[in-house]
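Step one of this worksheet: look at the structure below.
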Amino acid sequence: MSVVDISGLNVSFRQGSDEVHVVNDVSLKVEQGETFGLVGASGSGKSTVLRILAGLNPDWSGSLRLFGDPVQPHSRFTGELRRRVQMVFQHPYGSLHPSHTIRRILSEPLIVHKRPNVRARVTEALAQVGFGPEIADRRPHQLSGGQRQRIGIARALLLDPDLLLLDEPTSALDTSVQAEILNLLTTIKRTRPITYVLVSHDRDVVAHMCDRQVVMSGGKIVA
Amino acid sequence: MTLEHAEAAATSIAPDAGETSRRLLLTLFGSPTATLGVILIVLLLLAALFAPLIAPYDPIAQDIAQRLLPPSATHWLGTDGFGRDVLSRLIFGTRPSLTLLALVVVTSLPIGLVVGIGAGFSGGWVERVLMRFTDIVMAFPQLVLALAFVAMLGPGLINSALALTITGWPAYARQARTETAAIRQSDFLAAAQMAGITGPRLLFGHVLPLVLPGAIIRVALDLGGIILNAAALGFLGLGVQPPTPEWGTMVSDGTKVIFDQWWIAAAPGAAILIASLAFNLLADGLRDILDPRRE
Amino acid sequence: MSNLVNVQNLAISFPAAGGGRFEAIRSLSFAMGAEKLGIVGESGSGKSLTALTLSGLAPRAAAITADRLEVAGNDLRRFTPRDWPAYRGAVAGLVMQDPKSALNPSLTIGRQVEETLRFHHRLPARERRERVLAALDAVGLPDPKTLVTLYPHQLSGGMGQRVMIAAMLVNEPKLLIADEPTSALDEALREQVLELLVSVVESRRMGLILISHDLAQVARHCDRALVMYRGRLADEGRAADLPTSTNLYTSTLWACRPSAATHGQLLPTLDRAAIEASL
């Protein structure tokens, strides 16, 4: 059973009398435990595909199966599915709520999902990404880009997801910080059974991280 | 875009609430105009709270023998047509004005926020309907509409507050909707949704903290105008009813004898001016906080 | 050979948030002639600030001190606000990262390129026109006569960058400062624009300061390179030698890049404490 099974995925909208295809007849499969890459320039449709897998974009047509179960278009992810798919976002400056403390950012998902021992789990999540518990009382603007991105990864892993979607996770970071984040992602993958789908315009990052990849351009898979 | 630019852009979009309070205090007491505004407002509040202790005379007590006296040592601002001490009435007059101000703010701001955030967050036809409704209410001249409501409901403090509220919320709704629509596109909101955070928790915990600071500042900018509207309603006899002292009503009474006993209209007129000015100075100080060029 | 640029003990500090001062650049010294110098570094290294300082565009809050700060014989420390505009066109030209934001959206290309020329020289209109067309041609833009009538939004990113370079060239400066000139462009265009910069600079015997976070780019195109880390000079030498430098920071920066060859492995990372200690 593939973790992700997409067939004939289409996303389009009307512009005047034309129909613009953001994603055009995309089909792909991602197997359990692999790191799958979606490469392409901006506007290629790769981020749209990722957001559909994340359940953030419900307006699509075609066939989508996650963990073997069909997903209906125009519906939200709920329950277990919502927990099993998580995402790390591109911009460290935009993915953490500016007025929340790190503690709140990491506690809230646990509280909403009624997990016990919230405090201990937050400390554990921070340790996993190389932080001591004292960082929990800071706010995002007090952290650097690399630090914020690590918090984003910690947050994504809180609920023990099976599928982690990575939207250009290092493109806003310096090369040296990028290396640290990529190493973190590699280490995490070695210690738990998780599947990654990585989107990037940087072929070197994809070549380093991914077992398999496809290239997208103009909404289609071209390679 | 360099990382430095990105960071500046992000923090300017969503100022941290704790940081804003700190800068608020700093600016209020760093700027002479804002400080003056704060001092005046504090004086007004004290006058309203301690009116019975401060006022030299009973504001309602009539003494026809002492009517229409000019300002003197015994009556600092003279007496009106019923022999009531103008200064005492002025001091007690702070109460209806500030009460009305508080009522209007406390009711119109939440209504505006609910409509604005609801519209901005839902999008689609809900947003369109709510915003068109807001536009319609906003298209009416506020005071005229308020007059109509008071005419229907009858005069009095609560009714005038209601009238001003019903006509005053659209500005807050529009601002809240714009800010909410911008936040809706943000990654941190998407991240919250992925964590399963929805509904009231999302709106109150994630959207409201970012919309509220801007809304409060918008309210502050309106305070001076609300004072004027309250006085206008009083002037037309639609506010608090006599014999309770109210500045607008006092001005109205004073116009009848304005050429001979000018102080009866001038004193409350000056009070209205000073109160409105005080809130405008405060708003100026708050506006300075938002000016990014300052730093 | 008298140096084109001479910087000695440059130090720049800013007021820090909690009081005190933040040292953005500490004691930077370098000299260059009519050659291609690359300044490499990550964010916070001070490389952009150096470029801005040499163009007179450092933020107002910056406190700048130096024993020497000279470009083509001009002592920049003594410059008043009135000296900068003339210097910026005729002595040093600046090409920045985002071409679209540097161009005025409401003026035609011809008008904008011409404007810098008018400011610096008194020339009859026809000669100005010719120089503008020649500059646009020199940067490889097709059909300059039509191009001068277009507006910035009608150009692609790569073309916009070329227009910026043309606008800078038209005054024949001696030094070209390019601050991350290709970061906002797609990979395909980057090499093209860089090669253009190099050929323009070489054919006119200008000096080039190329600011970049991309070590490989600098190694390929520059003669010499400076590597900056947190406001200090960490390494300096021939650009072609960068990939094989034994300097701790440079070698780690080179080695920490991901590629197909590093697939599945952990990348080397900076030992920041050791680097700080070595500086």
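Chains as they are written, first to last, in the numbering used here: chain A, 119 to 341; chain B, 30 to 324; chain C, -7 to 271. Note that the Cβ used here is the ideal one computed from N, Cα and C, for glycine as well.
GLU286/A and ALA54/C have their alpha carbons spaced roughly 34 Å apart. At least 9 Å separates the beta-carbon of LEU228/A from that of LEU282/A.
Between ALA217/C and ALA208/C, the C-beta spacing is not below 9 Å.
Think of a sphere of 8 Å around the beta carbon of ASP216/B: the chain A residues whose beta carbon falls inside it are PHE207, GLN208, HIS209, GLY212, SER213, in chain order. By the CB criterion at 9 Å, GLY225/B and HIS231/A fall inside the cutoff.
When the Cα atoms are used, LYS164/A and LEU156/A turn out to be separated by approximately 6 Å.
Taking the CA atoms as reference points, GLN296/A sits about 22 Å from LEU224/A. ASP171/C is classed as buried because its beta carbon has at least 16 other beta carbons within 10 Å across all chains shown. DSSP lists TYR314/A as the beta-bridge partner residues of THR153/A.
For PHE6/C, the enclosing beta strand (DSSP E) covers residues -3 to 7. Scanning its chain for C-beta atoms nearer than 7 Å, with the 5 sequence neighbours on each side dropped, one finds around LEU172/B the residues ASN258, ALA261, in chain order.
TRP178/A counts as buried, since at least 16 other C-beta atoms from the protein chains shown sit within 10 angstroms of its C-beta. Taking a C-beta distance under 9 Å as the contact criterion, HIS319/A and SER160/A qualify as a contact pair.
Three or more Cβ pairs closer than 8 Å define a contact, and the stretch 34 to 54 of chain C meets that threshold against the stretch 218 to 235 of chain C. Near chain B, meaning a CB-to-CB distance below 9 Å, the residues of the stretch 164 to 181 of chain A are ARG169, ALA172, GLY173, LEU174.
For ARG273/A, a Cβ of chain B is located within less than 9 Å of the residue's own Cβ. Comparing C-alpha distances from ILE17/C to each of ALA23/C, GLN0/C, ASN(-5)/C, ASP178/C shows the shortest one belongs to GLN0/C. If you check each beta-carbon in the stretch 131 to 152 of chain A against every beta-carbon of chain B, none falls closer than 8 Å. By the criterion of a C-beta distance shorter than 6 Å, LEU161/C is surrounded in its chain by ALA127, once the five residues flanking it on both sides are discounted. Within the stretch 215 to 235 of chain A, contact with chain B at the beta-carbon level (separation under 7 Å) is assigned to HIS215, PRO216, SER217, GLU226, PRO227, VAL230, HIS231. Of the other Cβ atoms in all chains shown, fewer than 16 fall within 10 Å of the Cβ of GLY10/C; this residue is therefore exposed.
In the displayed model, ASN163/C falls within coil according to three-state DSSP, outside both helix and strand. Closer than 9 Å to the CB of ARG196/C there is not a single CB belonging to chain A. In terms of Cβ geometry, PRO97/C and GLY149/C do not form a close pair [threshold 9 Å]. CA-CA distance, LEU231/B to VAL121/A, rounds to 29 Å. Secondary structure of ILE169/C (DSSP, three-state): strand. THR238/C sits in coil when the DSSP states are folded into three classes, being neither helix nor strand. By DSSP's assignment, SER335/A forms a beta bridge with LYS338/A.
When C-beta distances to chain A are compared with 8 Å, the residues of the stretch 237 to 253 of chain C below that value are THR244, LEU245, CYS248, ARG249, PRO250, SER251, ALA252, in chain order.
Exclusion of the five residues before and after VAL134/B leaves VAL248 as the residues of its chain whose Cβ lies within less than 6 Å of its Cβ.
HIS192/A is classed as exposed because its beta carbon has fewer than 16 other beta carbons within 10 Å across all chains shown.
When Cβ-Cβ separations below 9 Å define contact, ARG200/A makes contact with chain B. A distance of 9 Å or more separates the beta carbons of LEU234/C and ILE169/C. Segment contact: the stretch 241 to 250 of chain A against the stretch 238 to 253 of chain B, fewer than three CB-CB distances shorter than 8 Å; contact not assigned. The beta-carbon of GLN204/A is placed less than 9 Å from the nearest beta-carbon of chain B. If you draw a straight line from the Cα of SER93/C to the Cα of MET156/C, it comes to about 11 Å.
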